[in-house]
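What follows is a short report on a single structure.
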Amino acid sequence: MTHGILTAVLAGFGTGLSLIVAIGAQNAFVLRQGVRRNAVLAVVAICAVSDALLIALGVAGVGAFVTAWPAALTAVALAGGTFLVAYGLLAARRVLRPTPGAALGTEGAAAGSRRGAVLACLAMTWLNPHVYLDTVLLVGSLASDRGDLRWVFGIGAALASLVWFATLGYGARLLSGVLARPSAWRVLDGLVAATMVTMGGMLLARA
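The numbering of the sequence shown is the working numbering, which starts it at 7 and goes up by one.
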């Protein structure tokens with residue numbers, strides 16, 4: 007039984023990690039907040055707890071309900087796509103018109119609004135249909151194959167989310183030396199802008 011539990015946890019962990027490691031809007035946001043050292047704990051907690059809640063809903067079987075109500079995903083796609091495009095355009099604006107002394111943003115949390123970071127993270131997480139598809143639908147369906155160990159599988163997936171976002175948020179500080187130059191910030195913002203505008207455009211097109 008112990009071997010079965012360990013196998014289910016590792017399977018869930020591997021599945022969760024494979025779904026969230028790919029670069030996306032949420033990961034790009036966490037990376038930027040980590041580099042700026044702005045509300046990192048709050049951002050990591052929001053991402054990890056949100057994933058855990060959605061995974062729990064998927065394991066509990068809510069995925070079947072969501073599938074039966076496609077209008078919900080369409081509404082989220084419209085709202086999320088609009089938000090991502092707008093956020094990406096703001097990042098693009100920072101690339102074209104950088105704020106003087108922007109590189110100093112790596113020195114402390116004062117570099118940005120903590121409340122703004124929290125609100126943006128909540129929107130980035132809960133207005134992204136891909137989050138629902140990955141956690142509620144995909145992880146939920148894979149967990150159902152584990153029978154009595156489906157919740158163990160879900161716990162493994164939730165742990166993967168926590169480990170990944172904590173590593174991304176706090177590990178990003180290692181880049182603070184590189185990003186002490188304004189030109190490096192412009193490159194990072196350029197990547198953020200491209201990622202978010204692309205994903206936002208894709209969501210709007212699908213909606």
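Every residue, glycine too, gets a C-beta built ideally from N, C-alpha and C.
Does the CB of residue i have a neighbour CB from chain B at under 8 Å?
| i | result |
| --- | --- |
| residue 136 | No chain B is present in this structure, which holds just one protein chain. |
Among residues of its own chain, excluding the 5 on either side of residue i, which ones have a beta-carbon nearer than 8 Å to its beta-carbon?
| i | result |
| --- | --- |
| residue 165 | 15, 18, 19 and 22 |
| residue 103 | none |
| residue 89 | 129, 130, 133 and 206 |
| residue 24 | none |
Going by the CB atoms, is the gap between residue j and residue i shorter than 8 Å?
| i | j | result |
| --- | --- | --- |
| residue 198 | residue 38 | yes |
| residue 189 | residue 132 | no |
| residue 53 | residue 36 | yes |
| residue 11 | residue 168 | no |
| residue 163 | residue 137 | no |
Within 10 angstroms of its Cβ, does residue i collect 16 or more other Cβ (buried), or is it exposed?
| i | result |
| --- | --- |
| residue 151 | exposed |
| residue 113 | Confidence is the limiting factor: at residue 113 the pLDDT is only 44, short of 50, which leaves the residue's position unreliable, though a coordinate-based value still follows. Residue 113 should be labelled exposed. |
| residue 177 | exposed |
| residue 193 | exposed |
| residue 149 | buried |
| residue 195 | buried |
| residue 111 | Low local confidence applies: a pLDDT of 46 at residue 111 is under 50, so the model's placement there is unreliable, with the coordinate-based value given in what follows. Residue 111 is buried by the Cβ-count criterion. |
| residue 92 | exposed |
| residue 153 | exposed |
Output needed for residue i: all residues of its chain with C-beta closer than 7 Å, excluding positions within five of it in sequence on either side, in chain order.
| i | result |
| --- | --- |
| residue 45 | 39, 115, 120, 123 and 124 |
| residue 141 | 57, 60, 61 and 64 |
| residue 85 | 133 |
| residue 181 | 41 |
Can you give me the start and stop residues for the alpha helix (DSSP H) that residue i sits inside?
| i | result |
| --- | --- |
| residue 33 | 31 to 42 |
| residue 57 | 46 to 65 |
| residue 156 | 156 to 177 |
| residue 121 | 120 to 132 |
| residue 153 | Neither: residue 153 is in no alpha helix (DSSP H) and is coded neither H nor E. |
| residue 137 | 135 to 138 |
Here's a check: name, in chain order, each residue in its chain whose Cβ is nearer than 6 Å to the Cβ of residue i, leaving out the five neighbours to either side.
| i | result |
| --- | --- |
| residue 158 | 11, 14 and 15 |
| residue 50 | 171, 172 and 175 |
Does the stretch 196 to 206 come close enough to the stretch 87 to 100 that 3 or more CB-CB pairs lie under 8 Å? Cβ pair count under 8 Å is three or more, so yes.
Could you check whether the stretch 118 to 129 touches the stretch 168 to 177, counting it as contact only if at least three pairs of C-beta atoms, one from each stretch, sit closer than 8 Å? No, the stretch 118 to 129 is not in contact with the stretch 168 to 177.
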